[in-house]
Amino acid sequence: MKIICIGRNYTNHIEELHNERPTEPVVFMKPDSAVLLKQHPFVIPEFSEEVHHEIEIIVKISKVGKYIEPKFAHKYYDEISVGIDFTARDLQDKLKAKGLPWEKAKAFDGSAVLGEFLPKSQFSSLENITFELTNNSKTVQMSNSGLMLWKIDELISYVSQFFTLKIGDIIFTGTPEGVATVKPDDVLEGFLEGQQLFRIQVK
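Number 34 in the numbering used here belongs to position 34 of the sequence shown; there are no gaps in the numbering.
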């Protein structure tokens, strides 16, 4: 099981971090050890003082595929959810400034929250899904899949050019604006179309 993540897929998030708008999807990976275990709190790692929450729509691959055409991509997943890509922003900025890879800032243990998965069949259109993150019951990130620069099927097609997709693989589809630092005792809750799919305590 691998976790494939997409960066810079929402215009407003690109702007808030003063990044350059990409001409093709930005792809990075997290290992399976990045998955935060169920019922476990997220513990802020000692190597960072600025861990940001990034809520994203996530997709679980249900069929092995390689070089998938966009028109067939919908056949390769049956379930979606929301998750968090925790990012050690201070560490990432230091690594980027030196032109170094930034896996240490993105792929550390516990950096990937996976919400409860729902059948995609219960949604009338995957290109018009609202998702939201609250912190201590206050909305901090909210967006809609219609604002993605590259839609879910386009992302599946794109990443399958480089990596064989296997059953159980997870794709994080990018975060909207509103990322911010988490603090001890924060409670993060993720929603898809108003349905709560995860609740995480920060320590």
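Just so you know, even glycine gets a beta-carbon here, dropped at the ideal spot from N, CA and C.
Inter-residue Cα distance where the pair is Val26 and Tyr10: The count along the sequence shown starts at 1 and reaches residue 26 at position 26. The count along the sequence shown starts at 1 and reaches residue 10 at position 10. Whole-angstrom Cα-Cα distance: 12 Å.
Could you name the residues of the same chain whose beta carbon sits closer than 8 Å to that of Glu272, not counting the 5 residues immediately before and after it, in chain order? Only positions 1 to 203 of the chain appear in the structure, and residue 272 is not among them; the question remains open.
In three-state DSSP terms, what is Glu116? By 1-based counting over the sequence shown, the position of residue 116 is 116. Three-state DSSP puts Glu116 in coil, outside helix and strand.
Whole-angstrom distance between Pro45 and Asn150, CA atom to CA atom: Within the sequence shown, the letter at position 150 stands for residue 150. Within the sequence shown, the letter at position 45 stands for residue 45. Note that residue 150 is Trp in the sequence shown here, rather than Asn. Rounded to whole angstroms, Trp150 to Pro45 spans 32 Å at the Cα level.
Using only the alpha-carbon positions, how far apart do Gly194 and Thr181 sit? Mapped onto the sequence shown, residue 194 falls at position 194. Mapped onto the sequence shown, residue 181 falls at position 181. Straight-line Cα distance between these residues: approximately 24 Å.
Short check: CB of Val140 to CB of Leu133, under 7 Å? The residue labelled residue 140 in the question sits at position 140 within the sequence shown. The residue labelled residue 133 in the question sits at position 133 within the sequence shown. Yes, Cβ-Cβ distance for Val140 and Leu133 is below 7 Å.
Which value, in whole angstroms, describes the spacing of the CA atoms of Met1 and Asp186? Here residue 1 refers to the residue found at position 1 when the sequence shown is read from its first residue. Here residue 186 refers to the residue found at position 186 when the sequence shown is read from its first residue. Put simply, the backbone Cα of Met1 is about 29 Å away from that of Asp186.
Environment of Phe86 [buried if 16+ CB atoms lie within 10 Å]: Looking up residue 86 in the sequence shown gives position 86. Classification for Phe86: buried.
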